[in-house]
Every structure is written in C-alpha cells, then in structure tokens.
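To start, the structure itself, in structure tokens.
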C-alpha cells in the first residue's frame with residue numbers, strides 16, 4: 058500500500074476508507090500522484106490486516122493508485138471480504154472498462170476485482186480535458202460504471218454529489234490533501250493557509266498530496 062486514509066468524504070459516495078496502491082505502468086502525463094508510479098515505496102500489508110483497518114461504520118472502500126488492476130488478485134480478495142460485510146467497493150483505474158473486461162477473460166485476478174467492484178471509474182487522466190463538473194474524476198474522458206445495482210441511480214445524478222477537497226494539518230506540521238484539484242488551486246490554498254497562520258514555515262512548504 059502507498060497510502061491509507063481511514064475516513065474521507067472526498068473519494069466517492071458517503072464516508073469511505075481510501076487505499077492508494079503502489080505501482081502504475083500507465084503513468085498519465087500530469088498525474089496527481091506520480092510518487093505512486095514505481096514499484097518501490099509502498100508497504101506490504103496482508104488482506105486480513107487491511108480489512109481489520111476498515112471502520113465498520115463507513116459506507117465503503119475506495120481503491121486508487123497507482124493502479125489497482127496491476128495487483129488485482131489480493132485486492133479482489135480484499136474487495137470480496139469488504140462487500141461481505143455489507144460495505145461497497147469503488148475502484149479507480151487508468152484502464153478503460155473495455156480493456157479490463159478483455160483482460161478478465163484470461164486473468165482471474167482482474168475478473169475477481171471487477172466482479173467485486175460496485176462503482177468503477179475508468180480511463181487515463183487527460184490533462185487537456187479537465188473536468189470541473191463531475192465529482193471525484195480529473196478529466197472528461199473518464200467514465201463511471203455501476204457494476205452492481207448499489208450505485209445504479211447515482212450514475213445519472215452526479216449533480217447531487219459534491220466535489221470535495223480535504224485538507225489535514227498534522228501535529229507534525231505536515232499538510233495532507235486528498236480529493237481532486239488542479240495544481241494551481243492547491244498552491245493557492247496552501248499559500249492562503251500559510252498567510253493565515255494555519256501552517257508554519259517549519260513544514261518547508263511541502264505537502265503530501267493525494268487524489
């Protein structure tokens with residue numbers, strides 16, 4: 058795993074447990090999380106331990122990256138166990154749904170994670186098609202696919218869902234941001250926090266930025 062946020066309302070419907078996986082070979086230009094491209098940098102975690110970390114009162118789990126479908130076997134098992142508890146799975150992928158369905162014919166892991174996903178966001182990020190209308194996605198080419206009945210109604214009602222950006226200032230002075238935003242918007246936000254004394258110069262102006 059590259060990063061975990063135990064509770065967030067910026068990464069899908071309802072309050073969610075968000076998991077960013079390490080490793081992505083797609084590497085979209087302008088990606089919000091290039092630090093998650095390489096295979097190194099994450100930490101190994103068992104399905105059992107990861108499941109234990111998921112609060113029982115959140116609506117579900119969101120899988121991001123990195124690229125979840127580049128390690129679909131263990132994530133598929135995890136997703137199945139999350140759904141068995143009555144919680145939902147939302148998965149982001151840089152691959153299109155057609156590509157994933159094609160891979161699923163010969164890759165049992167891909168088939169397993171697809172089958173355990175309630176809501177799929179598919180397609181590579183395209184910095185020339187920034188999406189300022191729909192929540193959670195970065196570019197207009199990316200699509201939403203309800204793969205179970207759980208979010209059928211939501212797919213055509215995006216205007217009822219807010220696009221949120223969460224900012225956490227840790228006791229160490231480090232700033233964590235998750236939710237999608239353009240880089241200049243984040244720079245303006247951090248500059249405003251600095252001017253208002255919400256963060257100190259001891260952070261060195263750095264932040265962990267998640268989308």
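In the numbering used here, the protein residues as written are 58 to 268. Just so it is clear, CB atoms sit at the ideal spot from N, CA and C, and this is done for glycine as well. Treat the numbers as computed from the prediction; the structure is a model and nothing was measured.
- In this structure, residue 210 lies away from residue 176, with their beta-carbon atoms at least 7 angstroms apart.
- Close CB contacts of residue 92 within its chain, under the 8 angstroms cut and outside five residues either way in sequence, are with 59 and 98 (chain order).
- For residue 174, the CB contacts under 6 angstroms within the same chain, skipping 5 residues up- and downstream, are 146, 148 and 204 in chain order.
- Rounded to whole angstroms, the gap between the alpha carbons of residue 195 and residue 189 is 8 angstroms.
- By the neighbour-count criterion, in which 16 or more other beta carbons inside 10 Å mark a residue as buried, residue 213 falls on the exposed side.
- The three-state secondary structure of residue 150, taken from DSSP, is coil.
- One alpha carbon belongs to residue 165, the other to residue 155, and they sit about 16 angstroms apart.
- Under the three-state reduction of DSSP output, residue 96 falls in the coil class, being neither helix nor strand.
- Beta-bridge partners of residue 202 (DSSP): 177.
- Relative to the Cα of residue 152, the nearest Cα in the group 83, 62 and 71 belongs to 83.
- Across the structure, residue 184 and residue 96 are spaced so that their CA atoms are roughly 24 angstroms apart.
- A direct Cα-Cα distance of roughly 12 angstroms separates residue 170 from residue 160.
- Between residue 144 and residue 122, the beta carbon gap of about 20 angstroms keeps them out of contact (Cβ cut-off 8 angstroms).
- Between residue 75 and residue 61, the alpha-carbon positions lie close to 6 angstroms from each other.
- Ranked by Cα distance from residue 182, the options 120, 162 and 200 are led by 200.
- The C-beta distance from residue 157 to residue 138 rounds to 21 angstroms, too long to meet the 8 angstroms contact threshold.
- Look at residue 74 here: in three-state DSSP terms it is strand.
- Residue 196 is bridged by DSSP to 187.
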